[in-house]
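A.B. asks: The structure's right below; bear with me while I get my questions together.
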């Protein structure tokens, strides 16, 4: 999710990091550093500064007060509220500095936390009422963004919600660890933090709390608009498809919440909406720009009513037509695509030129803000980053990875840079890597030239290169100085990522043993054994799971290093054992919890700890309703079967068989609660994971019922696949794209189908495997990872090569290996790869370097395991 990337990508420019991890040098609030009254304690807990009185205790849950503030008043508000709380003996917490407040109130942050600057903990309802009146008097009607999950008190910055005071969690039916509150009988239930849900259904709302309704569909009707559906949400507000009640005309309503959705210059959503209104007025009657119909305010939220523009986002167009996304395309298809893509780029440039002629710079040009109609007409949407062409040092405070112009470029040249990046993106959409490798733009252009240069008009590549070349320092003279924090982040990024890589990828003479050693060395160089929260930096999900788990934590990385022949590392295994002794989250799932860690420890000979984790997991296995492999019953069951064989323990096998009954009930009736449905078809979250579990249980017990249901389960996943024009077979994902990945996608389905074909002669299944293998041979893949990228596809093709008598699969593996060079980065001179969305480096198995290492190893020797529970295939896949 974009919110997770921004939250955990703020503190460090290279790895995902907890925003509370680096607080030195921040603009600390006065109340965070001044002397406290006698007996009070002040502690730091993550991003929060917590103040407690000398005596008294609080209940585990109750009514809490959240105080919001606008950016300019944040420090004064913290001081005023903290003064009141210390005078009245009230425990409270606040975000520790202004940088953190601006982060949590930024545009691309989770909406449920928007505006929360301070939390106050009254001990009971009487104290709640006194405190609300007292704070209301102290704050004097100051403004603050509405906390969406809360009930607003009067019209000021005070908000109220019933929830947990003490952190407590439960594991829900989908295998997620979620915040919890206790019902009156003591049963824990999820503490739901959703807009408008400020109290559980069993809690009586005190009479003194009166609700002031926020902007809503009812309020909009008073202005003559009926909301049909939400198109998009951000921290700054929503975008809605609406109907004008006077004539039934459909249009778009764009909402801006005051004080919320800050950009990098501290401007809120209302300020940006005013910019958008200014731009649309100035661009009236320019074809390709939405018409502005109306401006109004409802419940304090500002709205623009504008034309609804049809068409699909440009990135969806590219996913539909780019020939390298489909194996088997030839030069004719490539030439036709290049001509069509460059014609679209020309139309975008013509539209941008029309904006500049009216004195408007768009400021945030990227494929998500460009719509293309069926007839090829181009439109631009989302003008909130626009600015006047003659604005001194004009540039946007928002921007997309790979399209935002570097420092020193301003005015119309901001759009010219994005146009050049867009042309390069049409050819090879690798722009996301810009977040980790500034200057890499020229490498994309060079790679695009090698692949498509013969199909481009003369001068196109030179023009792209000229516009993407970073300005010399002298050219940037007089530009706005870079803020100190941003300068420090840039310095760290250059220090860690700026050295040339010690190995080369992609050529016919590539030394793949050296490549794997470099990759393993780079992974080990990222280790932080002094930390308790994580050992290896991985995806942002490791901060909501734990640092030990298989997908994103130490267990998966250590398993991958061993499986890829790079060795065992006792000191890091000891870190993992220490985590087990301290206590892991009670999530049972394989990739996200205890069973994955137990599997790795058992394989390393740490039998006592492995079996203890299995016993701990049992407390929440019965709660699971998700049949999947990633965090559900199939992953638990597969590990139980594996450990039963490993230890010769029939009790573990019996527990697996009992779990299989629950899984088979869902296969027999996919409409039961918990069934994944076709939207998640694939190995990790669809029916193929349960099929693999039942297959392994059949091999252990000989019970034909398990094999029958395994075949049926794979059939359910195949029903979610659609054939492509080139004969490949891919999963239809939400009706907007097709996927072949290991996670959600057809590649993982083929792995299990291949295993089933060892037990059942099924021509239809064999045809499906062939079609899926073809899908996995595509030349271009956006990301390099194992579960949702090139490394997984490469490993699938390698594993399925034994079913390809013509040898095309082996050639495809060679091409995948060669094209890894498109994604390669350097960390301290060692080979490294970016994680999900290419926003930060990752070392983990699911999204990072450990998974790429497994994919390369599978491609090179064809027999190495790249996922648990799959045995080796005897035929090598690549002749290297």
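In the UniProt record's numbering, the protein residues as written are 1 to 880.
A virtual CB, placed ideally from N, CA and C, is assigned to each residue, including glycine.
As the structure is a computational prediction, the values presented were derived from the model and not from experiment.
1) How about residue 78 and residue 29: are their beta carbons less than 8 Å apart?
2) Look up residue 243 in the DSSP assignment and give the residues it is bridged to.
3) Kindly indicate which three-state DSSP category residue 469 falls into: helix, strand or coil?
4) Let me know the secondary structure DSSP gives residue 161 once reduced to three states.
5) Check this for me: beta carbons of residue 771 and residue 727, under 8 Å apart or not?
6) Can you find the residues in the same chain that come closer than 6 Å, C-beta to C-beta, to residue 742, ignoring five residues on each side of it along the sequence?
7) If we count the other Cβ atoms within 10 Å of its Cβ and call it buried at 16 or more, is residue 245 buried or exposed?
8) Run through DSSP, which three-state label would residue 28 get?
9) Whole angstroms is fine: what's the gap from residue 864's alpha carbon to residue 11's?
10) Going by beta carbon distance, what residues of the same chain come within less than 6 Å of residue 143, once the five residues before and after it are set aside?
11) Closest to residue 39 by C-alpha separation, out of 47, 55, 843, would be which residue?
12) Ends of the beta strand (DSSP E) at residue 445?
13) Expressed to the nearest angstrom, what Euclidean distance is found between the alpha-carbon atoms of residue 872 and residue 862?
14) Can you tell me whether DSSP reads residue 4 as helix, strand or coil?
15) In angstroms, rounded to a whole number, what distance separates the CA positions of residue 486 and residue 843?
16) Can you tell me where the alpha helix (DSSP H) holding residue 62 begins and where it ends?
17) Tell me whether residue 169 sits in a helix, a strand or coil according to DSSP, three-state version.
18) Hey, residue 344 and residue 361: beta-carbon distance below 8 Å or not?
19) Cβ atoms of residue 410 and residue 394: under 8 Å apart, would you say?
20) Under three-state DSSP, which class holds residue 800?
21) CB-CB under 8 Å to residue 44, same chain, minus the five flanking residues each way: which ones, in chain order?
22) Is residue 308 helix, strand or coil by DSSP?
23) At the level of alpha carbons, what is the spacing between residue 817 and residue 544?
24) Pull up the distance between the alpha-carbon of residue 502 and that of residue 809, whole angstroms please.
25) Checking 8 Å against the spacing of the C-beta atoms, do residue 624 and residue 127 come in under that value?
26) Alpha carbon to alpha carbon, what distance is there between residue 767 and residue 687?
27) If you run the structure through DSSP and keep just helix, strand and coil, what is residue 85?
28) What is the rounded straight-line gap between the Cα of residue 552 and the Cα of residue 431?
29) Could you give the first and the last residue of the continuous alpha helix (DSSP H) run that contains residue 608?
30) Suppose the cutoff is 6 Å on Cβ atoms and the five residues either side in sequence are ignored; what does the same chain contact list for residue 511 look like?
31) Identify, in the order they occur along the chain, each residue of the same chain with its Cβ nearer than 7 Å to the Cβ of residue 914, setting aside the five sequence neighbours on each side.
32) Does the distance from the CB of residue 439 to the CB of residue 470 come in under 8 Å?
33) Between which two residues does the alpha helix (DSSP H) harbouring residue 99 extend?
34) For the beta strand (DSSP E) that residue 121 lies in, which residues bound it at each end?
35) I need the DSSP call for residue 129, collapsed to helix, strand or coil.
36) Would you give the residue range spanned by the beta strand (DSSP E) that residue 830 belongs to?
C.D. replies: In brief:
1) Taking 8 Å as the Cβ cut-off, residue 78 and residue 29 qualify as a contacting pair.
2) Looking at the DSSP assignment, residue 243 forms a beta bridge with 226, 250.
3) Residue state, collapsed to three classes: coil.
4) Residue state, collapsed to three classes: strand.
5) In contact: residue 771 and residue 727 (Cβ atoms closer than 8 Å).
6) The answer, listed in chain order, is 683, 748, 787, 792.
7) It counts as exposed.
8) Residue state, collapsed to three classes: strand.
9) Distance between the alpha carbons of residue 864 and residue 11 is about 37 Å.
10) So the list reads 70, once near-sequence residues are dropped.
11) When each option's Cα is compared against that of residue 39, the closest is 55.
12) Not the beta strand (DSSP E): residue 445 falls in the alpha helix (DSSP H), residues 441–452.
13) Per the coordinates, the alpha-carbon of residue 872 lies some 8 Å from the alpha-carbon of residue 862.
14) Reduced to three states, the DSSP call for residue 4 is helix.
15) The straight-line gap from Cα to Cα measures roughly 24 Å.
16) Taken as a continuous stretch (DSSP letters only), residue 62 belongs to no alpha helix (DSSP H), being part of the beta strand (DSSP E) at 61–67.
17) Residue 169: strand per DSSP, three-state reduction.
18) Not in contact: residue 344 and residue 361 (Cβ atoms no closer than 8 Å).
19) A contact, by the Cβ cut-off of 8 Å.
20) Note: residue 800 maps to helix in three-state DSSP.
21) So the list reads 20, 23, 50, 96, once near-sequence residues are dropped.
22) In the three-state scheme derived from DSSP, where H, G and I count as helix and E and B as strand, residue 308 is classed as coil.
23) Residue 817 and residue 544: Cα-Cα distance of roughly 33 Å.
24) When rounded, the distance between both Cα atoms is 30 Å.
25) Their beta carbons are not under 8 Å apart, which means residue 624 does not touch residue 127 by this criterion.
26) Near 19 Å, if we compare the C-alpha coordinates of residue 767 and residue 687.
27) Three-state result, residue 85: helix.
28) If I take the Cα positions, the gap works out to 25 Å.
29) Its alpha helix (DSSP H) spans residues 607–621.
30) Cβ within range, chain order: n/a, list empty.
31) Residue 914 lies beyond the range of the chain shown here (1 to 880); nothing can be said about it.
32) Their beta carbons are under 8 Å apart, which means residue 439 touches residue 470 by this criterion.
33) Residue 99 -> alpha helix (DSSP H) spans 98–104.
34) Counting along the chain, the beta strand (DSSP E) containing residue 121 begins and ends at 118–121.
35) Shown here, residue 129 sits in a helix according to DSSP, grouped into three states.
36) From DSSP, the beta strand (DSSP E) with residue 830 extends over 830–832.
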